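To start, the structure itself, in structure tokens.
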Amino acid sequence: MPATTPKRNIKIGQRNTRQRAAVVDVLDEVVEFASAQDIHLRLTNRGQKVGLTTVYRTLQQLHEMGVIDTLHDDSGETLYRSCATDTHHHHLVCTSCRRTVEIDGGPVEQWAQDTAAAHGFEKTGHTAEIFGLCQDCRSR
Numbered sequence: 113m114p115a116t117t118p119k120r121n122i123k124i125g126q127r128n129t130r131q132r133a134a135v136v137d138v139l140d141e142v143v144e145f146a147s148a149q150d151i152h153l154r155l156t157n158r159g160q161k162v163g164l165t166t167v168y169r170t171l172q173q174l175h176e177m178g179v180i181d182t183l184h185d186d187s188g189e190t191l192y193r194s195c196a197t198d199t200h201h202h203h204l205v206c207t208s209c210r211r212t213v214e215i216d217g218g219p220v221e222q223w224a225q226d227t228a229a230a231h232g233f234e235k236t237g238h239t240a241e242i243f244g245l246c247q248d249c250r251s252r
């Protein structure tokens, strides 16, 4: 997987603003999941004036559009990352450095379908993330 994704021209809402474009640029540059506060700090460190509320709104819109991945870490904080693929996938996430690997769900897909059906549900979606320590963090 490439370290960064190519620059994208994504239309967010009724108009694209400099601030929204800056959020997309940061997301396209980071490979790990990042919190809204992390993204805001990166913008601030670049001298870009983007309010934290704008960062949150932009991230929410990007999530609704399906162009970024979101997950909740073990503290409950929502983390964001550009999708490297537009197909359904899951993640391995390092709890120390937040390094992320996109993985195919394999048997999880059928298990989710079967479990939903066994309980009388029609599955409309699911998420599965695996958290642990990557090899680099384990060797430190």
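Each position in the sequence shown, counted from 1, maps to that position plus 112 in my numbering.
Ideal Cβ placement from N, Cα and C applies to all residues, glycine included.
Here the structure is a predicted model, which is why all the values come from computation and not from measurement.
CB of residue i within 9 Å of CB of residue j, strictly
i: alanine 229; j: histidine 238; result: no
i: serine 194; j: valine 213; result: no
i: alanine 134; j: arginine 158; result: yes
i: threonine 207; j: leucine 171; result: no
i: leucine 191; j: histidine 184; result: yes
Identity of the residue in the options nearest residue i by Cα
i: histidine 203; options: Lys161, Gln172, Thr182, Val142; result: Thr182
i: threonine 165; options: Gly188, Thr190, Ala148; result: Ala148
i: aspartate 216; options: Asp226, Thr227, Thr197; result: Thr197
i: arginine 211; options: Ile242, Thr236, Asp137, Leu153; result: Ile242
Buried or exposed by the 16-neighbour rule on C-beta atoms within 10 Å, applied to residue i
i: cysteine 209; result: exposed
i: histidine 231; result: exposed
i: isoleucine 151; result: buried
i: lysine 119; result: Residue placement at lysine 119 is poorly supported in this model, since its pLDDT is 49, which falls under 50; the coordinates still yield a value, given next. By the neighbour-count rule (16 or more Cβ atoms within 10 Å), lysine 119 is not buried but exposed.
i: phenylalanine 145; result: buried
i: proline 114; result: Residue placement at proline 114 cannot be trusted, given a pLDDT of 40 that sits under 50; what the coordinates show is reported in the next sentence. It counts as exposed.
Beta-carbon contacts of residue i that lie in its chain and below 6 Å, excluding the five residues immediately before and after
i: valine 220; result: Ala240
i: valine 162; result: Gln131, Ala134, Leu155
i: leucine 174; result: Ile180
Residue-level contact to chain C via CB, residue i, 9 Å cutoff
i: cysteine 249; result: Reference to chain C is not applicable here, since this structure consists of a single protein chain.
Give, in chain order, every unbroken run of the alpha helix (DSSP H) that is at least 4 residues long and sits entirely within the region 157-245. 164-177, 219-230
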